[in-house]
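Novice: Throughout the sequence shown, residue numbering follows our numbering, covering 178 to 407 in sequence.
Even for Gly, the Cβ is constructed at its ideal location relative to N, Cα and C.
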Amino acid sequence: VGYSKTKQPITADDLGCGGALTVLMKDALMPTLMQSVERTPVLVHAGPFANIATGNSSIVADEIALKLVGPEGFVVTEAGFGADIGMEKFFNIKCRASGLTPQCAVIVATVRALKMHGGGPIVKAGQPLAKEYLQEDVGLVTAGVANLVKHVENATKFGVKVVVVINKFTSDTDKEIEVVKEASMKAGAFGAVMSDHWAKGGEGAKDLAKCVVEACAANDDKDFKFLYDV
178 VGYSKTKQPI
188 TADDLGCGGA
198 LTVLMKDALM
208 PTLMQSVERT
218 PVLVHAGPFA
228 NIATGNSSIV
238 ADEIALKLVG
248 PEGFVVTEAG
258 FGADIGMEKF
268 FNIKCRASGL
278 TPQCAVIVAT
288 VRALKMHGGG
298 PIVKAGQPLA
308 KEYLQEDVGL
318 VTAGVANLVK
328 HVENATKFGV
338 KVVVVINKFT
348 SDTDKEIEVV
358 KEASMKAGAF
368 GAVMSDHWAK
378 GGEGAKDLAK
388 CVVEACAAND
398 DKDFKFLYDV
């Protein structure tokens, strides 16, 4: 916990509190139970960034959640930092270690991000967004959707059903959203839906939930595969 005046290390045991700290840490090592705004249970545990670690929640949290929801329930676990990092580590590392098989991969996309991939103006923190991100520009979306297509193609290689969800911004137009949907389906996605949960909460995500349920039902666990051996 620190050093003495003679530069010798001082431990918790030296202070007589090693046992008490151990008791506290025993509970601290377990997942934290939280909830969404609409009171859906959420287990928060681990989840370091995928550029420096796995980018996934812990296996412990997933197993607790699966036990709580039962055989007919659904558990959503995050593999963050993009489908090219977090998802790959989820499938090839986490699933290999846990022995658990996912039924569906949900890839989240936004029209604004795809416009950036399509060559849109640079976005700088603290500065207003360029007009291209606030009004319809089907050309930028069409150019940028190639990035999303590659993510879909990568996810399908693992043998799971892929659902693309477009996280809707107020400035997104029907034409822009349709471009993303069409490209996703052509790339091999099971479904592509717009989700308006930012504005409408759970009500705005009903189409997404329905599509995920259908994708899980259509999935065959035997199709799941790792992309490399260890």
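How many Å lie between residue 325 and residue 178 at the Cα?
Specialist: Stepping through the sequence shown from its first residue, residue 325 is reached at position 148. Stepping through the sequence shown from its first residue, residue 178 is reached at position 1. Cα to Cα, the separation comes out at about 48 Å.
Novice: Nearest by alpha-carbon distance to residue 359: which of 293, 207 and 322 is it?
Specialist: The count along the sequence shown starts at 1 and reaches residue 359 at position 182. Comparing Cα-Cα distances from residue 359 to each of 293, 207 and 322, the minimum goes to 322.
Novice: What are the partner residues of residue 220, as DSSP defines its beta bridges?
Specialist: Position 43 of the sequence shown, counting from 1, holds the residue named residue 220. Answer is 210, bridged to residue 220.
Novice: For residue 280 and residue 247, I'd like the C-alpha separation in whole angstroms.
Specialist: As a working mapping, residue 280 is identified with position 103 in the sequence shown. As a working mapping, residue 247 is identified with position 70 in the sequence shown. Their backbone Cα atoms lie some 15 Å apart in a straight line.
Novice: Of all the options 226, 317, 254 and 230, which has the alpha carbon lying nearest to the alpha carbon of residue 237?
Specialist: As a first step, residue 237 is located in the sequence shown; it is residue number 60 there, counting from the start. When each option's Cα is compared against that of residue 237, the closest is 254.
Novice: Just checking my contact of residue 307 with residue 297 at CB under 8 Å: how many whole Å lie between their CB atoms?
Specialist: Along the sequence shown, read from residue 1 onward, the residue named residue 307 stands at position 130. Along the sequence shown, read from residue 1 onward, the residue named residue 297 stands at position 120. Yes, they are in contact, since the Cβ atoms of residue 307 and residue 297 sit about 7 Å apart, within 8 Å.
Novice: Would the stretch 363-377 and the stretch 337-351 be scored as touching if the rule is three or more Cβ pairs under 8 Å?
Specialist: Enough Cβ pairs lie closer than 8 Å, so yes.
Novice: Going by DSSP, name the residue or residues bridged to residue 186.
Specialist: For the purposes of this step, residue 186 is taken as residue 9 along the sequence shown, with counting starting at 1. Paired residue(s): 180.
Novice: Could you say which of 338, 293 and 333 lies nearest to residue 318 if we only look at CA atoms?
Specialist: Mapped onto the sequence shown, residue 318 falls at position 141. Of the candidates 338, 293 and 333, the one whose C-alpha sits nearest the C-alpha of residue 318 is 293.
Novice: Nearest-angstrom Cα distance between residue 382 and residue 182?
Specialist: Residue numbering aside, residue 382 sits at position 205 when the sequence shown is read from its first letter. Residue numbering aside, residue 182 sits at position 5 when the sequence shown is read from its first letter. Their Cα atoms are separated by approximately 60 Å.
Novice: Are residue 206 and residue 220 closer than 9 Å when you measure CB to CB?
Specialist: On the sequence shown, residue 206 is found 29 positions in, with the first residue counted as 1. On the sequence shown, residue 220 is found 43 positions in, with the first residue counted as 1. Against a cut-off of 9 Å, the Cβ pair of residue 220 and residue 206 comes out as no contact.
Novice: In the structure shown, what three-state DSSP assignment does residue 345 receive?
Specialist: The sequence position of residue 345 within the sequence shown is 168, counting from 1. DSSP places residue 345 in coil when its eight states are reduced to three.
Novice: Contact check, residue 227 vs residue 263 under 8 Å by CB: the rounded distance?
Specialist: For the purposes of this step, residue 227 is identified with residue 50 of the sequence shown, where counting begins at 1. For the purposes of this step, residue 263 is identified with residue 86 of the sequence shown, where counting begins at 1. The pair is a contact, with the Cβ atoms about 4 Å apart (cut-off 8 Å).
Novice: Report all residues from its chain with a CB closer than 6 Å to the CB of residue 335; omit the five preceding and five following residues, and keep chain order.
Specialist: Residue 335 sits at position 158 when you count from the first residue of the sequence shown. Same-chain partners within the cutoff: 268.
Novice: State the CB to CB distance for the pair residue 284 and residue 332, rounded to an integer number of angstroms; the pair is presumed to be in contact (CB under 8 Å).
Specialist: As a working note, residue 284 is residue 107 in the sequence shown. As a working note, residue 332 is residue 155 in the sequence shown. With a Cβ gap of about 6 Å, residue 284 and residue 332 count as contacting.
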